[in-house]
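Numbering (full-length UniProt numbering), first residue to last: 1 to 555.
Every residue, glycine too, gets a C-beta built ideally from N, C-alpha and C.
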Amino acid sequence: MFPVWDQQPSDRSNSLSLDLFLFSAFFLDQDQFDNLDKHSQWGIDFLERYAKFVKERLEIEQAYAKQLRSLVKKYCPKRSKDDEPRFTSCLSFYSILNELNDYAGQREVVAEEMGHKVYGELMRYSQDLKGERKLHLQEGRKTQQYLDQCWKHMDNSKKKFERECKEAEKSQLIYERLDNDINATKSEVEKAKSQLYLRQHLVEESKNEYAAQLQNFNSEQWKHFNVAIPQIFKNLQDMDERRTVKLGEMYRSFAEVERRVIPIISKCLEGMVTAAKNVDERRDSGVVVESFKSGFEPPGDFPFEDFSQNIQRTGSDGTIGTPKTEGGKPDPKHAVARTKNKLWLFGKKPKAPTLEDLSHLPPEQRRKKLQQRIDELNKELQKEMDQRDALNKMKDVYEKNPQMGDPGSLQPKISETICNMEKLRSEIHKNEVTFPEDQRFDALLLSFSPEGSYTDDHSQEHRSPPQPDPHEFDDEFDDDDPLPAIGHCKALYSFDGSNEGTLVMNENEVLYVIEIDKGDGWTRVRKQGGEEGYVPTSYVEITLEKNSKGAVTYI
């Protein structure tokens, strides 16, 4: 509490004490204001410095999230349907990239929340603090200025009172000198006496004015140091405490923003771990086998070509003779025909131009590509058919309700759709014809319409799958020695075997399997009587013997 001096001075020593007190009180008050001014400004500067720290932190989060998204985009390039990953290692990697993209999104959420709930709030509060601080300091300055004015009025009245007292003292001395002077006239004495009374009257007036101004100053000074200034200091203190509380809240909000995304980030990391566990080397190997299976038959043994058969030998010649085939000539057609153009499994694959009918591909790959092309064309055809049906329905609605539209306006679009359907059908037929004859049966089964689709439901007693058009088997049965059976099969349907190289079979007939399907949809079998031929693989239920050499899948 500031000391208050409220006694009226009676002499010059008391007047000097008052001046010294006023001077010290003024500077004490001014020092307090300067200190609070500096401290409140430091508090606002510190708050803005923390706001700057939060801004730089959220900029780091934004840059981090942006770099993560760029990284994900870099390693997830746009790819066509044919380039879709099939390996579990690739699928897991892309799953990890998706989780990383979600993780980047959470970093963006952190940056956004920090910008809105922390940085933005700090800057708004800083502006409010500046306005409030300015108001309180202005009030303090106004109070100090008012007290200064009161002091000036009091000081002026005091100086006036002092001057009047001095003048009254002079008048009194003059009057006493004239009153004691025998040579002074009566008028001069009366005049000095009147001047003395006037000066005494002025002294009383200045004295009363000085007393009033002093009383007013003491009152205002007491209010200043006991009411106004403490209230202003209290307001500044409350402002500073609220600033401190706000900083604590912002520290907590800063941490809460990060903590709220931790569960989602944990899920992203768990997703990455799950993706890592989904890597299956066996499945990837199976995809490789399925992707690059050629369908070629393993090459047979090259026959021995004996060029010395026309040379005469004596009966005693101990030279080991070369076995002769029927007719005296070796029959290399069966073995050589199977090895022609099929010996590049681990060697250098012959380069071939990319043809529209895919004839440059191995049989199995060609079948898959053609089937894929036919499936895509069928999907496009179905879309055109759906569009045609929708247009026809709309046309019927327009015909029944002419106010809704003109039916004739739809005819060009219907004609265009029908034209597109014909083009697609032609393209589908072209690709079906491109199928090798030994694989066309499978293509028909895969692209068969739902009304006549083939199912694998063994509970159906009567089935009528489409009849195949098998290829010619001109050179498949020239071997003299019958091939060993590698298993047996049961006929699920009857097959007429009308084409050359095929074998007639009846439903439920049991046959020997001597050569498994090489990817062309046909299996070579033998009847009990020794008759051999090919039957559709989908027509029989095959059981292979264990440790059979024939039960090997060649890639």
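To the nearest angstrom, how far is the alpha carbon of residue i from that of residue j?
i	j	result
residue 536	residue 300	24 Å
residue 238	residue 265	41 Å
residue 199	residue 216	25 Å
residue 94	residue 407	50 Å
residue 62	residue 283	40 Å
residue 532	residue 392	55 Å
residue 4	residue 147	In this predicted model, residue 4 has a pLDDT of only 35, less than 50, meaning its place in the structure is not dependable; the value taken from the coordinates is given anyway. Using only the alpha carbons, I get a separation of about 13 Å.
residue 47	residue 242	12 Å
residue 151	residue 158	10 Å
residue 420	residue 426	10 Å
residue 513	residue 371	28 Å
residue 251	residue 106	20 Å
residue 34	residue 139	14 Å
residue 49	residue 103	29 Å
residue 187	residue 194	10 Å
residue 404	residue 432	43 Å
residue 336	residue 498	Residue confidence for residue 336 is low, a pLDDT of 40 falling below 50, so the modelled location carries little weight; the figure read from the coordinates is stated next. Near 28 Å, if we compare the C-alpha coordinates of residue 498 and residue 336.
residue 288	residue 89	13 Å
residue 544	residue 92	37 Å
residue 214	residue 153	9 Å
residue 192	residue 167	12 Å
residue 365	residue 272	34 Å
residue 122	residue 244	12 Å
residue 523	residue 310	41 Å
residue 68	residue 257	20 Å
residue 429	residue 109	55 Å
residue 177	residue 230	57 Å
residue 175	residue 165	15 Å
residue 255	residue 226	44 Å
residue 422	residue 394	22 Å
residue 74	residue 64	15 Å
residue 379	residue 369	16 Å
residue 38	residue 71	49 Å
residue 66	residue 31	52 Å
residue 542	residue 303	32 Å
residue 274	residue 385	43 Å
residue 298	residue 306	25 Å
residue 560	residue 45	As displayed, the chain neither begins before 1 nor continues past 555, which places residue 560 out of reach and without an answer.
residue 398	residue 261	56 Å
residue 400	residue 416	23 Å
Can you tell me which of the options puts its alpha carbon nearest to the alpha carbon of residue i?
i	options	result
residue 387	115, 375 and 414	414
residue 43	70, 115 and 125	125
residue 205	225, 231, 228 and 163	163
residue 40	507, 398 and 134	134
residue 557	111, 426 and 390	The first residue shown for the chain is 1 and the last is 555, placing residue 557 beyond what the model contains.
residue 503	104, 244 and 540	540
residue 492	288, 138 and 510	510
residue 418	208, 400, 88 and 382	382
residue 495	506, 252 and 487	506
residue 119	246, 186 and 73	246
residue 86	254, 37, 280 and 263	280
residue 515	497, 485 and 501	485
residue 211	155, 373 and 129	155
residue 526	518, 501 and 289	501
residue 367	520, 171 and 78	520
residue 203	423, 290, 172 and 276	172
residue 235	303, 274, 131 and 400	131
residue 149	76, 286 and 224	224
residue 528	161, 488, 305 and 66	488
residue 36	291, 374 and 232	232
residue 490	538, 530, 262 and 52	538
residue 127	51, 424, 169 and 160	51
residue 240	53, 308 and 129	129
Sequence ranges, beta strand (DSSP E) only - wholly within the UniProt domain "SH3" (484-545), length at least 3: 487-491, 510-515, 522-526, 532-536 and 540-544
Segment contact flag, the stretch 259-275 with the stretch 96-116, C-beta cutoff 8 Å, min 3 pairs: yes
Three-pair Cβ contact test at 8 Å for the stretch 108-115 versus the stretch 58-78: yes
Segment contact flag, the stretch 214-231 with the stretch 187-201, C-beta cutoff 8 Å, min 3 pairs: no
Contact between the stretch 181-190 and the stretch 129-145 (3+ Cβ pairs under 8 Å): no
Whole alpha helix (DSSP H) elements within the stretch 79-159, 4-residue minimum: Runs of the alpha helix (DSSP H) inside the stretch 79-159: 88-113.
Ordered list of beta strand (DSSP E) runs contained in the stretch 166-212, each at least 3 residues: none
Minimum length 4: unbroken alpha helix (DSSP H) runs contained in the UniProt domain "REM-1" (360-437): 363-400 and 411-434
Residue ranges of each beta strand (DSSP E) within the stretch 223-270, 3 or longer: Correct list: empty.
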